[in-house]
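As structure tokens, the structure follows; a few thoughts come after it.
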Amino acid sequence: MATERVTKALSIKPKCTPSDTVAPEWLPNTNYTVPTLVRYQGQLYKLLQNHTSSIPWRPTETPALWVIPTPCGITEWQPQTEYGIGSRVTYKLSNYVCIQAHSSQNAWNPPATPALWNQFYLIQAIDVSKNPAKLGETITITVQLNPDIKGIGVMINGSPGTTQKLQFTDYVGNHRVHVLAVNADRLEETRFVDIKVERADFFVPQIQVSCPDIREVTFSVPDPTTYVPIDATYNWDLGPVGAWVARESSITVSLQEALRPDRPYTTFDVSLRITWHNNGLAEAARTFTFWNRYVLEKMRGLIKPIVTYDHHIRPGSDSVPASCDIHNIEDENIYLSKKSTQYLWENPETRPVFNAESEDIDVEIGPDSKVSVDCTLPNKLPRAAAGFIVHLSGSSASGKQVRVSCYFETGSQAEARVVSNPIVIEALKEMRTKSNNPAKESFTRNELEAHLASQPGGISKTVRSALGEPTNVLPRHRQLTRGAAGDGSLEREPCFPDQSPPEDDLACVLQEEYKDVWLPPRIVNAFKGDIIITHGDGSPFCNLFRHVNDVDLSDPETLFMEGLYHYQPYSHCGIMTQNHYEVRHCYMSQDRLLNYLRGEFLGVKGTDGVEPDKLRYGWPGAITQTVDEAFKSTYREDPESGLTFWFAPFSFHAGIVDGQVVEPLVMKVDPFAEVQNPAYRDKVMKIADHSKDINAHYRPFANSDGFISDTSRNNPQIAPDRPGWWASGSIPASSATYLRACVKSEQPPVLLEGKTGTTTEEDIEEKDKKLGAAIVPSGTADGLYKYAPPERRCMATWLYNVMYNKANEKVEIPGPSGLVGDAADDWGNQFANAFIFGNEDDKDEDNWRYPGTTSTVTPSDLLFWDAPSSINALGEQFGLYGYSEKLIYREGEYQYRQISRWVREPKKSDVAGYVYWQGIAVEGATVIIGGQSVPTDASGHFTITKVPVGHSQIVAGKEVPYQYDTGSVLVWAEGKAAVDIVENVVAAVDITLEYPPNMYREITITGNMYGVDTESGDDEYPEPNPQVFSFNKLHLGPDKLHLEDVWDCGWGGECYTKFRWWLDYVGGDVTFHVIAELWESTDENPNGDPCDTDDRTLIIKKDETLKPRYLLINPDGKDKASYGVTITNTLRP
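Take the sequence shown: its letter number 721 is residue 721 in this note's numbering, and every next letter is one higher.
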């Protein structure tokens, strides 16, 4: 009966009076008659009885005369309020519906008056597939919702959806799952599910994912061959993406087509079934959510079409050819009307310069169509440039703004570093020796790590640290301050042959010595002053704001698009202090914090959380790191304990936290605003310089109150002065409030929202409001945004849950499991109270469950900051960034080079000669010596003047076609020569260009297999028809003599085929050995001997393509496997 009354009440919407209804102020000595509305002390009241008012009869004192009218929507319960059947309230975080109309009194709160109120739930039940479960075992959480309440969204451990498949792989013990339900009326309900995880006594695959790009997502299982045979079969099912059968424990796919263009995210289950002989079986599944950057950008008012292009460019004689393909996935035309070109400079301190004013273009791209846009640089690339950017702008047929940027590089050298670490040098030497190619040009760090990991003992933290810290920077202009002679000169310092001399009498002279150099990773599209925004490393405060709105955005038109919830996918940010290579940010090391545990019981530390002082003053605070350190991880020594801690605050991969995947961004000055007013770039570069002078410690409370990061010395939150203390005098900050502090240190000031230092409702753009941007009614400090109690409670609840689980992991008290319960609660309360109130010592109270409204800024909020619009007569700038794009990361690599050194030589002379290609002098070849480059003229001749005398190397190159039997590719033909330059004598030198070494080959194998399983008579089961396989970009040569792999497939319940191949390098030709086999048995496994085999060896000559076929037939002629294969042997580009 009670359930029926609740159901009926929930279906009723009582008549209500909006709280902002206009009404006069209550006055004494006034005749009031029903119905009358008045305001008193800001509250709206409704008259119940006619009377003449007096001062003692104020509305707050006379509930018999005045009552608060029935409120609309969901409100906190309060006394002296009129409620009707169906009114909904919250009281102490529980939800109630009114089942009998009444006016409330002080003692009539909902729990005390069951005749007036009934509690109701958004969540009816939570089903758990396994509890307890084994470590790594798939657990399915299913949330059953109240059918009488519509539009409920659910988040399970921060991921959207009523059903989630989870894997706990970190520790044995209790794991608490956080379930949150919210609906469009802002009703919310939190539940916790405790799952006991036990040690597994069998193999459980742990599904992992890496995502450098949404078009290159790799799902994998770590170290499966420890438990399963090497010939096991991996059956991957990726839901809407597709299903694959593989022989390897990883699979790489593109999710581009699976991401719906009308949804901000796509959620699907990834399942894996591993089988092997003797009926071996292992299974796992896990839910992933992939956020769609395209839709999120569109919600911010921009269409950013999908682009593909080759970022490697080869400069021509008078221009630099380049193009990019643009895919319009909209259902309307888009039009590109403006193009602007910007240079990428070698010098990391140089302000980016545009080639010219924006030019008009006319490119139309139809719905779901692709167009190749010419991005050719019409002039030679400047000598100090490492590439260029092409920015394209336009609009859609419906008027939406369209933006595209393409980045092209020649290959930077100015940041290369000579490697001096003996571990790295010896490893690279051994790798070159094993490759049979002492002149092999380069190895990536991943290749080096794989080599070291394969050695006895494997890769260690010491070695990994060495990999991240190559030394002896090859000098840039601003760093050239110390010479080998110790006299402050640059003489004998390493240099590059094409590097511009920093002093007139210096020459870069080739030496008879070879060194390993490290070309560090870089962010191609991040310049000094730009802001990097990523998902962070998953540590509690770094990941906090991802859980500001734990709701299922299943209907973006009602929940997401109406701005009821912030969209908060990002969790960490920093400012670039150099172009491409260096970033400064504010961060707290979780590992270091958890080294300072408080409380002890039975010899186990951490029963009372962590030391409050270490939580309040988070280390290392504001730090400057190279991109390599910040993205790849590095060690730092804790100045208080002397211990070293390893952390990597940023990620160039799409972030994967709680199964959610988000691509990192670069926030920058709008390029089309910058080309009109270069002062905008000057401003952000000055802010980057300011950041180096602003010291900060990480304060969790800054995530609640952004104003505490004020840099003025009268800020009471600044750390006290303690001699020798690392945090002495530093400001408290989070990663985002630190960046705001840097911006606010600039004078004249920069205003980020609106025209004054206080943001009003009118200053917030509608598109930002739809994504959750809000301010308090009285106004919010510029650059900060309002966070209401439900949002803050949601974050605090998630944080409490994370630290609750962390305590269960860290605090292992011997004896009954209940002994750790209080420790887990202490940890959760301490961290949640530190975040909500700045009370780092409060571990016993759960006051964090009742937060107020505050203002701060988060990494995702930075995207709300306005684009630059103007600079007034006082120098105040309105707007700063206002534009973002996907972060473009380039991996570093090790190279073995003959190096040059600076030699002081004031004498100069000229060099002249011809460049030949296949016996003919060629026009347009690029010739480089002494930091100068010139093209050859129509006759193939060149002259370079004022080259320092001495022994130097001259290099020439030109892009040429390379023909093979079924097509052609463009390759870079290059020639080098040593030349002795003598004063007053023109040095004559001719250079002959050659193809890249013909011994380096690239092999491609593609094929399909048609299978037939005839059961009886003419019943054939031609499945699968066909199965396609490919092995791409297989590299063979003196550095790699042998490759092998296998592909297999089963069908019809009893047929199985295997295609094994071996490639061997023979002086440029390649032998292709294949054993194709067919089995027919009672299952799809290779039981017993194969019923048919095709064993052949072919020779694929240089630049040849072969198309062999392989037909396998069961002796009874009923079961067949037919292969068609294409193998190509081309020159490695």
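Backbone N, C-alpha and C define an ideal beta-carbon position, used for all residues, glycine too.
Note that this is a predicted model, so its numbers are computed, not measured.
Item, Value
"For residue 668, the three-state DSSP class (helix, strand or coil)", "strand"
"heavy atom of the ligand NAP below 6 angstroms from residue 676 C-beta", "Absence of the ligand NAP is noted for the structure shown, with no ligands found whatsoever."
"Residue 869 and residue 878 closer than 7 angstroms at C-beta", "yes"
"Rounded separation between residue 749 and residue 307 - CA only", "37 angstroms"
"Expected contact under 8 angstroms - CB spacing of residue 1078 and residue 1091 to nearest Å", "6 angstroms"
"Residue 253 versus residue 589: straight-line alpha-carbon distance, rounded", "34 angstroms"
"Residue environment, residue 1080, which counts as buried when at least 16 other CB atoms sit within 10 Å", "buried"
"Cα-Cα separation, residue 214 to residue 662", "9 angstroms"
"Cβ pair residue 950, residue 905 closer than 7 angstroms", "yes"
"Pair within 7 angstroms by beta-carbon distance, residue 631 and residue 579", "no"
"Reduced DSSP category for residue 535 - H, G, I as helix; E, B as strand; rest coil", "coil"
"Beta-carbon separation (whole angstroms), residue 678 vs residue 391, contact threshold 8 angstroms", "Actually they do not touch by this definition, with Cβ atoms about 15 angstroms apart."
"C-beta contact flag for residue 606 and residue 593 at 7 angstroms", "no"
"Alpha helix (DSSP H) segment containing residue 810, residue limits", "789-810"
"For residue 1068 and residue 1130, the rounded distance between their alpha carbons", "9 angstroms"
"Segment contact, 8 angstroms Cβ cut-off, at least three pairs: the region 229-246 with the region 268-280", "yes"
"Inter-stretch contact (C-beta, 8 angstroms, three-pair minimum) for the region 131-145 and the region 763-780", "no"
"Cβ contact check for the region 98-116 and the region 157-175: 3 or more pairs under 8 angstroms", "no"
"Residue 335 beta carbon less than 7 angstroms from that of residue 1202", "The shown model of the chain, from 1 to 1133, leaves out residue 1202, and the question about it has no answer."
"Cutoff 7 angstroms: residue 1045 Cβ touching any chain D Cβ", "Among the chains of the structure shown, chain D does not appear; only one protein chain is present."
"For residue 657, three-class secondary structure by DSSP", "In this prediction, residue 657 has a pLDDT of 49, which is less than 50 and means its spatial position is unreliable; nothing more can be read from the coordinates."
"Reference residue 145; option with closest CA among 1072, 190, 688", "190"
"Distance between residue 735 and residue 612 (C-alpha atoms, nearest Å)", "20 angstroms"
"Proximity winner among 369, 375, 720, 1050, relative to residue 338 (alpha-carbon distances)", "375"
"Span of the alpha helix (DSSP H), counted from its first residue to its last, around residue 590", "590-593"
"Supposed close pair residue 827, residue 804 - CB separation, criterion 8 angstroms", "6 angstroms"
"DSSP state of residue 743 mapped onto helix, strand, coil", "helix"
"Cβ distance (whole Å) where residue 752 is taken to contact residue 865 below 8 angstroms", "4 angstroms"
"Helix, strand or coil at residue 1093 [DSSP, three-state]", "strand"
"Straight-line Cα distance separating residue 283 from residue 1013", "27 angstroms"
"Residue 12 and residue 73 closer than 7 angstroms at C-beta", "no"
"Residue 599 to residue 839 span [Cα, whole Å]", "18 angstroms"
"Beta-ladder partner(s) of residue 294, from DSSP", "None; residue 294 has no bridge partner."
"C-alpha distance - residue 155 paired with residue 231, whole-angstrom precision", "39 angstroms"
"Sub-7 angstroms separation of residue 261 and residue 329 beta-carbons", "yes"
"Delimiting residues of the beta strand (DSSP E) encompassing residue 234", "233-237"
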